[in-house]
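Take a look at the structure set out below.
Numbering (our numbering), first residue to last: 133 to 335.
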């Protein structure tokens, strides 16, 4: 930790990007390095993220790290131990807006706060509290994935269902990475299936 007038100075790091860009993998990499350095760490994720195991953050490449699922951002503040030096938070886009204040308070207590999350939703719009977190962070890493259509650099998360709710937890069965050119925010399942020509004489 940096020192400021004799006391430890914390900070906020944000890792963002589309789905399948390696955000959780990067979060786990940083947490493992902190663990090797024998720093006390705590990791949190929103309880609604139930795609994999309940008590782990898990990357799409199946890397795992033990965590505490919580329902609100305030739960994080209440559960962080004063002896912890590094706090990891995954899927930050699913938290309420108070997550920004919570991260700031933890950093003010001298902790290194590492946050990972989607910066854009399925419409390509800013997602939840992520813009505010990016604004207050000392360090930002924006990752890219590979566009499943053209193989270019993907910055968007394409939803493959007709669910129009902002929050729809899922993985490869519901989403794929797309570049700007191949991204379709108006996607519908019906329009994505080619029409089958009718046989002659059919009505």
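All residues carry an ideal CB built from backbone N, CA and C; glycine is no exception.
Can you give me the start and stop residues for the alpha helix (DSSP H) that residue 263 sits inside? Indexing the chain shown from 1 puts residue 263 at position 131. Per DSSP, residue 263 belongs to the alpha helix (DSSP H) from 262 to 268.
Residue 198 versus 243, 251, 287 and 156, residue with shortest Cα-Cα distance: As a first step, residue 198 must be located in the chain shown, where it is residue number 66. The shortest C-alpha separation from residue 198 is found at 156.
Under 8 Å Cβ to Cβ from residue 173, same chain only, skipping five residues before and after it: list those, please. The residue labelled residue 173 in the question sits at position 41 within the chain shown. These residues qualify, in order along the chain: 163, 166, 167, 216, 217, 218, 219 and 220.
Less than 7 Å between the beta carbons of residue 148 and residue 249, yes or no? As a position in the chain shown, residue 148 is number 16, starting the count at 1. As a position in the chain shown, residue 249 is number 117, starting the count at 1. Yes; because the gap between Cβ atoms is below 7 Å, this pair is in contact.
Which listed residue (176, 291, 310 and 222) has its alpha carbon closest to that of residue 210: Here residue 210 corresponds to residue number 78 of the chain shown, with the count starting at 1. Comparing Cα-Cα distances from residue 210 to each of 176, 291, 310 and 222, the minimum goes to 176.
At 4 residues or longer, and completely inside the region 219 to 291: list those alpha helix (DSSP H) runs for me, N to C. 231 to 240 and 262 to 268
Which residues DSSP lists as bridging residue 168, in chain order: Within the chain shown, numbered from 1, the residue matching residue 168 stands at position 36. DSSP, once it has assigned bridges, lists no residue as partnering residue 168.
Please report the Cβ distance between residue 226 and residue 273, rounded to the nearest whole angstrom; I am assuming they are in contact, meaning their Cβ atoms lie under 8 Å. As a first step, residue 226 must be located in the chain shown, where it is residue number 94. As a first step, residue 273 must be located in the chain shown, where it is residue number 141. Wrong, their Cβ atoms sit about 19 Å apart, outside the cutoff.
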